[in-house]
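Since the structure comes first, as structure tokens, the remarks are kept for the end.
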Amino acid sequence: MAEPGGPGPGTPETGWYVYGVGRGLSPDAVTEVRGVGGAPVGLVDEGGITAVVSPVGLAEFGEDPLRRNLESLDWLESTARAHHGVIDALAASAALVPLGLATVYRSAERVRAALRERGPEFAEALDRVGGRTEWGVKVYADPPEHAAPATGSGEAGARPGTSYLRRRQAERHAERDERVAALRAAEEIDAALRDTAVDGRRHRAQDPGLSGERGWMVLNAAYLVDDSGGARFRDSVAAEAARHPRLRVRITGPWAPYSFAVAAREGP
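Residue numbering for the sequence shown follows this note's numbering, beginning at 756 and increasing consecutively.
In structure tokens form, the structure reads like this:
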């Protein structure tokens, strides 16, 4: 067992931040890795499962301070960047299942207790993601453009208010039909990509302001893909994009399999 800060249980002011659990991790792999707050990263082993950990101050990561910090976007961004950095540094060299952001235990012994208690769950998750990575696919659709009414059309004799209401109703119907068609196409894309993946997860559509894309997000999904099948999966995404030219298909990855990780439980 290799633990940052020595084998002792720690102090009342120190907890252990757990980034993820894995198999086949060597202490040499974490020698140069730094975690949250620049802390050294180490390993805690129990029953063939290894937790990737670093020491953190409970003044920042204790229950009450953590609740406050989770409301700070700057704090979240900094912590998430450090968390993902540790996972990315190790995921290429060993099977690794990320845990949720800010999973903290009060002592190394409680980390080991969690590994014993959840050993079968962790082992199953590691079996599922070993030799596989996550790819993200987002699909966007643009609302229809509404042309100005033609002069001399049937609306010409209608009162201005009536013409406006009819035009707005037609626009709403067109938008509804376009959205329904886009959602159906997104379902087809998702089904096709699941055929070339081991598993898939659907996520909530992001607000356009967050995604940086115009229009509607009609698919936000993650796919677990064999490392040997990455090229085939990318080809499938390209084929679906070509089959649905009115949609914009975006692919990201490969990533550590965050969407297929086990649920985090904060330690006591």
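Even glycine gets a Cβ: it sits at the ideal position worked out from N, Cα and C. Being a predicted model, the structure only gives us computed values, none of them experimental.
Less than 7 Å between C-beta atoms, sequence neighbours within five positions excluded: which residues of the same chain meet that for residue i?
| i | result |
| --- | --- |
| residue 835 | 856 |
| residue 940 | 999, 1002 |
| residue 883 | 1015 |
| residue 974 | 892, 893, 894, 941, 944, 945 |
| residue 982 | 886, 887, 888 |
By Cβ distance, which residues of its chain are closer than 8 Å to residue i, with the 5 residues on each side in sequence left out?
| i | result |
| --- | --- |
| residue 889 | 977, 978, 979, 980, 1008, 1009, 1010, 1011, 1012, 1013, 1014, 1015 |
| residue 987 | 951 |
| residue 902 | Any reading at residue 902 needs caution, since the residue's pLDDT is 48, under 50, leaving its predicted position unreliable; the model's value is listed next. Excluding residues within five positions, none has a Cβ falling inside 8 Å. |
| residue 825 | 831, 857 |
If we ignore side chains and look at the alpha-carbon of each, how far apart do residue i and residue j end up?
| i | j | result |
| --- | --- | --- |
| residue 947 | residue 823 | 43 Å |
| residue 897 | residue 970 | 4 Å |
| residue 873 | residue 821 | 24 Å |
| residue 849 | residue 984 | 18 Å |
| residue 936 | residue 943 | 11 Å |
| residue 787 | residue 938 | 46 Å |
| residue 832 | residue 839 | 11 Å |
| residue 945 | residue 968 | 20 Å |
| residue 801 | residue 851 | 15 Å |
| residue 813 | residue 862 | 11 Å |
| residue 847 | residue 860 | 26 Å |
| residue 844 | residue 923 | 53 Å |
| residue 865 | residue 827 | 28 Å |
| residue 989 | residue 805 | 32 Å |
| residue 961 | residue 927 | 22 Å |
| residue 956 | residue 779 | 27 Å |
| residue 781 | residue 768 | 28 Å |
| residue 877 | residue 934 | 40 Å |
| residue 867 | residue 785 | 19 Å |
| residue 830 | residue 997 | 41 Å |
| residue 963 | residue 972 | 7 Å |
| residue 932 | residue 994 | 24 Å |
| residue 818 | residue 916 | 58 Å |
Using C-beta distances below 6 Å, list every residue in its chain close to residue i, excluding the 5 sequence neighbours before and after it, in chain order.
| i | result |
| --- | --- |
| residue 790 | 796, 809, 837, 841 |
| residue 949 | 955 |
| residue 1005 | 893 |
| residue 920 | none |
Residue i: which of the options sits nearest, CA to CA?
| i | options | result |
| --- | --- | --- |
| residue 870 | 998, 941, 776 | 776 |
| residue 793 | 772, 799, 804 | 772 |
| residue 891 | 959, 880, 920, 858 | 959 |
| residue 854 | 830, 875, 880, 829 | 880 |
| residue 803 | 994, 825, 875 | 875 |
Would residue i and residue j be called neighbours here (beta carbons separated by less than 8 Å)?
| i | j | result |
| --- | --- | --- |
| residue 816 | residue 885 | no |
| residue 807 | residue 774 | yes |
| residue 992 | residue 887 | no |
From the beta carbon of residue i, is the nearest beta carbon of chain D less than 8 Å away?
| i | result |
| --- | --- |
| residue 1014 | No chain D is part of this structure, which consists of one protein chain only. |
Is residue i near the ligand GDP - that is, is its Cβ less than 7 Å away from at least one heavy atom of it?
| i | result |
| --- | --- |
| residue 938 | By its list of ligands, the structure shown contains no ligand whatsoever, and the ligand GDP lies outside what it can speak to. |
For this session: Please specify which runs of the alpha helix (DSSP H), each continuous and at least 4 residues long, are wholly inside the segment 854–907, giving them in chain order.
Result: 863–872, 874–884
Problem set entry | Segments of 4+ residues assigned as alpha helix (DSSP H) that fall wholly inside the segment 932–969 | 963–966
Exercise. What alpha helix (DSSP H) runs, 4 residues minimum, are completely inside the segment 771–857?
Worked result: 813–816, 818–824, 828–846
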